[in-house]
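Trainee:
2 protein chains.
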Amino acid sequence: MTKYSKQTRLLVAVDCIIFGFDGENLKLLLIHRGMEPEKGKWSLMGGFVQSEESTNEAAGRILKQLTGLEGVYMEQLHAFGNPGRDPMERVISLVYFALIDIHKYKEQLSDEYHPQWFLLKDMPELIFDHEEMVQAALKNLRYKAALHPVLFELLPEKFTLPQLQALYTGVYDAEFDKRNFSRKVLSTGLLIKQKDKDKENSKKGAFYYVIDKSKYKDKFQSFLNFVPNPDNFLF
Amino acid sequence: MTKYSKQTRLLVAVDCIIFGFDGENLKLLLIHRGMEPEKGKWSLMGGFVQSEESTNEAAGRILKQLTGLEGVYMEQLHAFGNPGRDPMERVISLVYFALIDIHKYKEQLSDEYHPQWFLLKDMPELIFDHEEMVQAALKNLRYKAALHPVLFELLPEKFTLPQLQALYTGVYDAEFDKRNFSRKVLSTGLLIKQKDKDKENSKKGAFYYVIDKSKYKDKFQSFLNFVPNPDNFLF
DNA sequence: TGGTATTCGTGTCTTTGTAACACTTAATTG
DNA sequence: CAATTAAGTGTTACAAAGACACGAATACCA
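Those protein sequences? They're chains A and B, same order as listed. Residue numbering for the first sequence follows the numbering used here, beginning at 1 and increasing consecutively. Residue numbering for the second sequence follows the numbering used here, beginning at 1001 and increasing consecutively.
(1) Using only CA atoms, which one of B/1028, B/1093 and B/1212 lies nearest to residue 1067 of chain B?
(2) Since residue 76 of chain A is in the beta strand (DSSP E), which residue starts that stretch and which ends it?
(3) Once you ignore the five residues that flank residue 167 of chain A on each side, which residues in its own chain have a CB closer than 8 Å to its CB?
(4) Find the nearest neighbour of residue 14 of chain A within the set A/134, A/92, A/85 and A/86, judged by alpha-carbon distance.
(5) What residues in its chain sit with their C-beta under 7 Å from that of residue 210 of chain A, if we drop five residues either side in the sequence?
(6) What does residue 174 of chain A touch in chain B if you count any residue whose Cβ is under 8 Å from its own?
(7) I want to verify the contact list: residues of chain A whose CB lies under 8 Å from the CB of residue 1145 of chain B, in sequence order.
(8) Taking just the CA atoms, how far does residue 1118 of chain B sit from residue 55 of chain A?
(9) With DSSP run on the structure shown, which of helix, strand or coil describes residue 1170 of chain B?
(10) Give a yes or no on contact between the segment 28 to 40 of chain A and the segment 123 to 141 of chain A, applying the rule of three or more CB pairs nearer than 8 Å.
(11) When burial is assigned at 16 or more other CB atoms within 10 Å of the CB, is residue 205 of chain A buried or exposed?
(12) Residue 1221 of chain B bridges to which residues according to DSSP?
(13) Classify residue 1130 of chain B as helix, strand or coil using the three-state DSSP reduction.
(14) Quick one, which of B/1023, B/1174 and B/1136 has its alpha-carbon nearest residue 1102 of chain B's?
(15) Comparing alpha-carbon positions, which option in B/1083, B/1144 and B/1129 lies nearest residue 1038 of chain B?
(16) How far does the beta strand (DSSP E) with residue 1197 of chain B in it extend, from its first residue to its last?
(17) Name the chain A residues that come within less than 7 Å of residue 1003 of chain B, Cβ to Cβ?
(18) Identify the contact partners of residue 1011 of chain B in chain A, using a Cβ-Cβ distance below 7 Å as the criterion.
(19) Do residue 1019 of chain B and residue 1098 of chain B come within 8 Å of each other at the CB atom, strictly closer than that value?
(20) Which residues does DSSP pair with residue 1047 of chain B in a beta bridge?
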């Protein structure tokens, strides 16, 4: 077979938006860019799609390169394709976002990137169109989490209801009523109460819960309406 | 500036999924592919991203090339990036879907593609991964239309409630209760009742409605819950 | 011209879900 | 053992959703 010989070939990159939750706040993992242009500036973790790998594989590879983690929740968000978004050369960027349990993240030994977790409101200036990407990812995360139980991906295996509520509070930057929140969350049947308590964060201690994994798989795609009045928060 | 000289450059294509509604059924516009491989087989309309245009511009150009239409509703869906999805050469495809008023579509004179509208259930076999793309687009359309008033993009300026309901029936392949449907739709405040009736489709005639464009813009992003029990239809 | 067939358009009731709201309980600390 | 702190829980009012049936308008035909 001959090739599509007359057509222009372009660079295709993958950039990863990596969300984590430290128990109090939603955070974002950023790196110091390792190449020119804008070398050393704050940036999303990215890399070019190689000729033999799928774009999903590229995203997995890049995430692993930075975090050492595999098999975490990851989703393609959007392709950013304005010419001129990278001043050096035209690059089409496929943006993925990942949700990781921040406690599983360990700084990699050979870390040329000097990565750092940032609060959303303390984000530094980012290169190119990366801020736009982050805004799009946050919007998408809010949208998705309003309808699907995706935020559990950010928590450790065992977690408490107050932690879960803090997570929602952080993601939506809004307060939730404790009673309504726990009723709604428990009514999904997705959580299994444990016998032990987390005593770190309060005198009384809060019971741990774990996810019922089979129900989680089944119900992930259902509309669950986690967030009251989504209009108020999402748009 | 030097370029990212060591990296592989790839072909990037845009493929368009074009939905239309003929008053009774949801349809899809397909073409006979104009180049090798698989020349002459049924395919989505597509083309390569040129070096000076954004990916969105490419999508608009390709849609116009086939339909003659500009400024219609169009949205990026997903990037398909498995190596080997095109046997000739690696191509990353950015899939867009468009919603057009089928009555505005006129066959283009110089039409090398022999396009044809298909019912979803009568779709022919498509090349490459195009069927997967169509399935993803349909799922996305159902998802989006359950929450946002996007299906109006498929209707002419003046339309009746029975037509609108037929559209929802077609998109979700499910029956809706007439009374609940009209109550719900009218309660959005998005529709303006006209004085005249459509007498084509019934003896009694059905009143025309038009969209209140300013409210439509405002409320487009709101959660409107157009579809009862979305779980039953969406997954 | 009056009867018949067709589809449009509307209202009520029941059930379910949502949001607002405050007190008791458990455990630690001084 | 008293005080403090955060966890855990229940009720009520209101709104939305879903099930359901009949009268009204018009065209056509006998």
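Even glycine gets a Cβ: it sits at the ideal position worked out from N, Cα and C.
Mentor: If we stick to the structure as given:
(1) Residue 1067 of chain B sits at position 67 when you count from the first residue of the second sequence. Nearest of B/1028, B/1093 and B/1212 to residue 1067 of chain B, Cα basis: B/1028.
(2) Taking the first residue of the first sequence as 1, we reach residue 76 of chain A at position 76. For residue 76 of chain A, the enclosing beta strand (DSSP E) starts and ends at 73 to 80.
(3) To locate residue 167 of chain A, count along the first sequence from 1; it is residue 167. Setting aside the 5 residues that flank it on each side, residue 167 of chain A is surrounded in the same chain by 21, 26, 151, 154 and 155, each with a C-beta closer than 8 Å to its C-beta; the list follows chain order.
(4) Residue numbering aside, residue 14 of chain A sits at position 14 when the first sequence is read from its first letter. Answer by Cα proximity: A/92.
(5) Within the first sequence, numbered from 1, the residue matching residue 210 of chain A stands at position 210. Around residue 210 of chain A: 157, 158, 192 and 194.
(6) Stepping through the first sequence from its first residue, residue 174 of chain A is reached at position 174. Chain order gives no chain B residues near residue 174 of chain A, where near means a beta carbon separation below 8 Å; the closest approach is about 15 Å.
(7) Taking the first residue of the second sequence as 1, we reach residue 1145 of chain B at position 145. Those do not exist, as residue 1145 of chain B stays about 14 Å from chain A at its closest Cβ, beyond 8 Å.
(8) Along the first sequence, read from residue 1 onward, the residue named residue 55 of chain A stands at position 55. Along the second sequence, read from residue 1 onward, the residue named residue 1118 of chain B stands at position 118. When rounded, the distance between both Cα atoms is 31 Å.
(9) By 1-based counting over the second sequence, the position of residue 1170 of chain B is 170. Here residue 1170 of chain B sits in helix by DSSP.
(10) Yes: the two stretches touch, three or more of their Cβ pairs being nearer than 8 Å.
(11) Here residue 205 of chain A is taken as the residue at index 205 of the first sequence, counted from 1. By the 10 Å Cβ count, residue 205 of chain A comes out exposed.
(12) Counted from its first residue, the second sequence places residue 1221 of chain B at position 221. Residue pairing by DSSP places residue 1221 of chain B in no beta bridge whatsoever.
(13) Position 130 of the second sequence, counted from the start, is the residue given in the question as residue 1130 of chain B. Residue 1130 of chain B falls in the helix class under three-state DSSP.
(14) Along the second sequence, read from residue 1 onward, the residue named residue 1102 of chain B stands at position 102. With distances taken between Cα atoms, residue 1102 of chain B lies closest to B/1023.
(15) Here residue 1038 of chain B refers to the residue found at position 38 when the second sequence is read from its first residue. Of the listed residues, the one whose Cα sits closest to residue 1038 of chain B is B/1129.
(16) Counting from one through the second sequence, the residue named residue 1197 of chain B turns up at place 197. Residues 1191 to 1198.
(17) Within the second sequence, residue 1003 of chain B is the residue found at index 3, counting from 1. Within 7 Å Cβ-Cβ: 88 and 89.
(18) Stepping through the second sequence from its first residue, residue 1011 of chain B is reached at position 11. Using a Cβ-Cβ cut-off of 7 Å, residue 1011 of chain B is close to 4, 7 and 9 of chain A, given in chain order.
(19) Within the second sequence, numbered from 1, the residue matching residue 1098 of chain B stands at position 98. Within the second sequence, numbered from 1, the residue matching residue 1019 of chain B stands at position 19. The answer is yes: Cβ separation under 8 Å.
(20) Locating residue 1047 of chain B in the second sequence gives position 47, where the first residue counts as 1. The partner list for residue 1047 of chain B (beta bridge, DSSP) reads B/1014.
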